[in-house]
Amino acid sequence: MSGETRGWARPLWLILIGLIAGFLSGLFGVGGGILIVPALIFLLGMGQKISAGTSLAAIVPTSLVGVITYATHGHVDWIAGLILSAGSVLGAQLGSYLLQRVPRRALQWGFIGFLLIVIVQLFLVIPERGQGITLGVGVVLGLIALGLVVGVLSGLLGIGGGIVIVPMLVMLFGASDLVAKGTSLLMMVPTALSGTVGNLVRRNVDLRAAALIGLAACLTTALGGTVAALITPLAANLLFAAFLAVILLRMVAQAVSKK
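Numbering (this note's numbering), first residue to last: 67 to 325.
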C-alpha cells in the first residue's frame with residue numbers, strides 16, 4: 067500500500083474496523099480489542115503498544131453503547147459488574163507488574179488450554195434466558211477473584227475481559243447469556259477508562275484513530291446486541307464457540323511463531 071493510498075484509505079479502514087468490532091462487541095459482550103489490535107497492526111502498520119492503547123480508548127464508547135443496549139432490556143447486573151470492575155482494575159496493575167517476571171509463553175499455552183475447555187463447555191452448558199446472578203458472600207468473593215484474574219490476563223497477554231467473563235458468568239455463576247454479556251460490557255467501561263488514562267500519560271494512544279473506530283463501533287453495537295437477544299441460547303453458544311475458536315487459532319499461531 068503506497069503512502070498516498072494509505073493516506074485516503076486510512077480513515078476508511080478505521081471506520082470498517084470499528085463497524086465490525088462494534089457488532090461483535092454487542093453480539094458477544096466483548097470489547098472488540100481482539101479484532102482491533104491485530105487489524106491496526108496488519109492493515110495500518112501501527113506498533114503493538116500504540117495499537118493496544120488505541121483499541122482500549124475505542125472500547126470506552128463502544129462498551130457504553132453496549133451497556134445501554136443490554137440495560138434497556140434489563141440484561142445488566144449492575145452490582146456484579148461493579149464488583150468485577152474493581153477486581154479487574156486491580157488485576158490489570160498486578161498483571162503489568164508481573165509482565166517481566168512471569169514466563170509469557172507458558173501463560174499463552176495455559177490460556178489456550180483454558181479456551182479449549184470453554185469451547186467444549188459451550189456445547190454442554192446451555193444457559194436459560196432470564197437468569198440473573200444471586201449475590202452472596204461466596205459469590206461476591208468469586209466475582210472479585212474473577213475480576214482479578216481477568217485483569218491480570220489483560221496486563222500480561224493483552225486479552226480482553228469479555229472472552230473470559232461471559233462464559234465464566236454463565237458456567238460458574240448461573241447467569242443467562244444476555245446478562246453475562248451486558249455485565250461484561252459494564253465491567254469494561256471503568257477498566258478501559260483506567261487503562262486509557264495511563265496510556266495517554268505514556269502517549270500510547272492515537273486519539274484520532276480511536277475516535278473514528280469508537281464512533282463507527284457505536285453504530286453497530288446496538289445491532290449486535292439486538293441480534294444476540296433474537297437468537298436462541300444454543301445458537302448464541304455455537305457462535306461464541308466459533309468466535310473463541312478463531313481467537314484460539316490466532317493465539318496458537320502466535321505462540322508457535324515465537325522462538
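Glycine included, C-beta positions come from ideal geometry on N, C-alpha and C.
Quick caveat, the model's predicted, so the values are computed rather than measured.
Which of helix, strand or coil DSSP assigns to residue i
i: Gly113; result: coil
i: Pro77; result: helix
i: Phe177; result: helix
i: Gly240; result: coil
i: Val96; result: coil
i: Val155; result: helix
i: Arg316; result: helix
i: Arg171; result: helix
i: Gly16; result: Nothing about residue 16 can be reported from this structure: the residues present for the chain run from 67 to 325 only.
i: Asn265; result: helix
i: Gly213; result: helix
i: Gly228; result: helix
i: Asn270; result: coil
Residue from the options whose Cα sits closest to the Cα of residue i
i: Phe309; options: Phe239, Thr298, Gly202, Ser91; result: Ser91
i: Ala321; options: Gly119, Leu82, Gly179; result: Gly179
i: Ser323; options: Gln174, Val168, Val191; result: Gln174
i: Ala211; options: Gly153, Phe239, Ile86; result: Gly153
i: Asn270; options: Ala258, Pro104, Leu85, Thr120; result: Thr120
i: Ala146; options: Gly157, Val206, Gly161, Leu182; result: Val206
i: Phe94; options: Arg316, Val236, Thr257, Thr262; result: Val236
i: Trp79; options: Met112, Gly161, Arg268; result: Met112
i: Thr135; options: Pro169, Ala311, Ile199, Thr287; result: Thr287
i: Val133; options: Met254, Val312, Leu266; result: Met254
Beta-carbon gap between residue i and residue j smaller than 8 Å
i: Gly228; j: Phe89; result: no
i: Ile81; j: Leu278; result: yes
i: Val155; j: Gly217; result: yes
i: Ile149; j: Gly196; result: no
i: Gly329; j: Val131; result: The first residue shown for the chain is 67 and the last is 325, placing residue 329 beyond what the model contains.
i: Gly97; j: Thr138; result: no
i: Leu122; j: Gly240; result: no
i: Ile110; j: Arg76; result: A quick correction: the sequence has Leu, not Ile, at residue 110. Yes, the Cβ-Cβ distance between Leu110 and Arg76 is below 8 Å.
i: Arg144; j: Leu252; result: Here residue 144 is Trp; the residue named in the question, Arg, does not match the sequence. For Trp144 and Leu252, yes; Cβs fall inside 8 Å.
N-terminal and C-terminal residue of the alpha helix (DSSP H) that residue i is part of
i: Pro193; result: Unbroken run through Pro193: none, as it is neither H nor E.
i: Gly202; result: Unbroken run through Gly202: none, as it is neither H nor E.
i: Gly280; result: 273-296
Contact with chain D by residue i, beta-carbon distance below 8 Å
i: Leu281; result: This model lacks chain D altogether, as it is built from one protein chain only.
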